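**Student:** Could you have a look at this structure, given as structure tokens, before my questions?
In our numbering, the protein residues as written are 1401 to 1886.
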């Protein structure tokens, strides 16, 4: 992410003279440099804006820079907000208003009007905040001293999300199947997703992939098998079944690269013409390398997974499915037939080969493991409400399996719902959450809320504060509000 740039724009005016403006520029450069070393992207001081023309010029530069993913605005002195109107209306990148100061504490013994005039961020924050509110812009406000760890953590998180938002606009999903017949929640408006989220979703017949599979060489398979041997424990003597999966992985990876850089993949156990196995190990290893994946044609999860993996640094993030409950202990077992990412593995995954009672193909090789624990994680679903997309974000706790499950040869996770089992499950159902999710132990609720706000989609949060009656009322109000936006 360090290749991505966030520009620091400072607001001021000429009223206080050249000496003050020199201090403003010096302070801004110093602050931007300090922040730069403590966030995942590159932060650069761009300019101090003192007029409408200067704001417009800065915004044009920001919009034109392909590496720029957003701006940080700071009001050092009082910055008249009318000068920001024209530029902000042109802005095409996310904005964070950093309500901070160059000085942490007031110099009580020496403070005078000169100091007051030069350091009046509190004054400028309110003027700037008003015009942003008047323009109905979505922006992030972070409050605190710029060297404070809490403020820097919030800013680092926002930068990560801004990078994810920019990455989202490049996401391309390759579909080797349509949606599973008669399943509703995996459907969605691909054109709307392309317009509003940046996701390009394209279909290719699985026969096109088969042609790539047939061209994979034994030497290529040998190289990937050696890679498997380093990362995983070979717990089967059915090596040809494993080599078949390696062939699929090589073919899918090359197909996606050759066809314009797809970073999401969709398949379906009912559309495997020309394949001997359902891709299992192949999909799992590709997810481990950053690909998003959607099962049974779920392109929304493939795209969302790719974006969240990018934000999470390809750690602890991937496809998940609410499979079955432990009603006594209030737990959910999440898994899938084969395709759970090794990013979730608590220990070194094993490569195993077992029959699969669906799809009608040969026994597929897959990674088997118990999942990680994490006191705070998120399960995220993107659903199409017909008139808008809804992003549902639930806080969960990943826990260890309470008992071994020797007859369940999959990778999986076990979790507790927030605010509690009964209300957590009910809230998810009331909100229309899908059975396919992207789970992440590296991202939090605020990360996903910020991303949803940048996308301009409806965001529903289910956490420890959720009360069912209030949530149902919120959903009712939200439905009416979003209808007025059409």
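By construction, the Cβ of each residue, glycine as well, lies at the ideal position given by its N, Cα and C atoms. Treat the numbers as computed from the prediction; the structure is a model and nothing was measured.
1. Can you tell me whether residue 1581 is buried or exposed? The criterion is at least 16 other CB atoms within 10 Å of its CB, across all chains shown.
2. So, helix, strand or coil for residue 1607, using DSSP?
3. Using the Cα positions of residue 1794 and residue 1615, report the straight-line distance between them to the nearest angstrom.
4. Leaving aside the five residues before and after residue 1774 along the sequence, list all residues of the same chain whose C-beta is less than 6 Å from its C-beta, in chain order.
5. Are residue 1406 and residue 1485 close, meaning C-beta to C-beta below 8 Å?
6. Between which two residues does the alpha helix (DSSP H) carrying residue 1817 extend?
7. Helix, strand or coil for residue 1769 per DSSP?
8. Measure the alpha-carbon distance for residue 1735 versus residue 1811 and round it to whole angstroms.
9. Buried or exposed for residue 1525, please, with buried defined as at least 16 other CB atoms from any protein chain shown within 10 angstroms of its CB.
10. When you compare the CB positions of residue 1779 and residue 1720, do they come within less than 8 Å of one another, or not?
11. Taking the continuous beta strand (DSSP E) assigned at residue 1692, which residues delimit it?
12. Could you say which of 1819, 1401 and 1553 lies nearest to residue 1776 if we only look at CA atoms?
13. Quick check on the DSSP output: the beta strand (DSSP E) that includes residue 1798 runs from which residue to which?
14. Less than 7 Å between the CB of residue 1804 and some heavy atom of the ligand SAH, yes or no?
15. Only counting runs of 3 or more residues, tell me where the beta strand (DSSP E) segments fall wholly within the segment 1599-1660, in order along the chain.
16. Given this structure, state the Cα-to-Cα distance separating residue 1571 from residue 1474, to the nearest angstrom.
17. Under 8 Å, Cβ to Cβ, is there at least one residue of chain D near residue 1792?
18. Quick check for students: name the residue ranges of the beta strand (DSSP E) that lie wholly in the segment 1690-1734, counting only runs of 3 or more.
19. What beta strand (DSSP E) runs, 3 residues minimum, are completely inside the segment 1852-1877?
20. Applying the criterion that 16 or more other CB atoms from any shown protein chain within 10 Å of the CB defines a buried residue, is residue 1498 buried or exposed?
21. Spell out a yes or no on whether the segment 1813-1831 and the segment 1859-1873 are touching, meaning 3 or more CB-CB pairs, one atom from each, closer than 8 Å.
22. If you run the structure through DSSP and keep just helix, strand and coil, what is residue 1781?
23. Taking 8 Å as the cut-off, does the segment 1633-1643 touch the segment 1598-1615 (at least 3 CB pairs, one atom from each stretch)?
24. Apply the 10 Å Cβ neighbour rule to residue 1655 and answer buried if 16 or more other Cβ atoms are within range, or exposed otherwise.
**Tutor:** Looking at the atomic coordinates:
1. An exposed status is given to residue 1581, since fewer than 16 other beta-carbon atoms sit within 10 Å of its beta-carbon.
2. DSSP places residue 1607 within a helical segment (H, G or I) once states are collapsed to three.
3. Looking at the two C-alpha atoms, the distance is approximately 43 Å.
4. Only 1798 and 1841 meet the Cβ criterion.
5. The beta carbons of residue 1406 and residue 1485 sit no closer together than 8 Å.
6. No alpha helix (DSSP H) contains residue 1817, which is instead part of the beta strand (DSSP E) from 1811-1817.
7. In the structure shown, residue 1769 sits in a strand (DSSP, three-state: E or B).
8. Taking the straight line from one Cα to the other gives about 6 Å.
9. Buried, since its Cβ has 16 or more Cβ neighbours within 10 Å.
10. Residue 1720 sits close to residue 1779, with the two beta carbons spaced by under 8 Å.
11. Taken as a continuous stretch (DSSP letters only), the beta strand (DSSP E) holding residue 1692 covers 1692-1694.
12. Ranking the options by Cα distance to residue 1776, first place goes to 1819.
13. First-last of the beta strand (DSSP E) with residue 1798: 1789-1799.
14. Within the structure as shown, the ligand SAH is missing, as the structure has no ligands at all.
15. If only complete runs of 3 or more residues are kept, the segment 1599-1660 shows the beta strand (DSSP E) at 1600-1603, in order along the chain.
16. For residue 1571 and residue 1474, the distance between alpha carbons rounds to 31 Å.
17. This model lacks chain D altogether; it includes just one protein chain.
18. As far as the segment 1690-1734 is concerned, its whole beta strand (DSSP E) runs of at least 3 residues are 1692-1694, 1717-1726 and 1731-1734.
19. Taken in chain order, the complete beta strand (DSSP E) segments of 3 residues or longer contained in the segment 1852-1877 are 1858-1862.
20. Under this definition residue 1498 is a buried residue.
21. In this structure the segment 1813-1831 touches the segment 1859-1873; the number of beta carbon pairs closer than 8 Å is three or more.
22. The answer is strand: DSSP assigns residue 1781 an E or B state.
23. In the pairwise beta carbon analysis, the segment 1598-1615 is classified as not touching the segment 1633-1643: fewer than three pairs are separated by under 8 Å.
24. Residue environment: residue 1655 is assigned as buried (16 or more neighbouring CB atoms within 10 Å of its CB, all protein chains considered).
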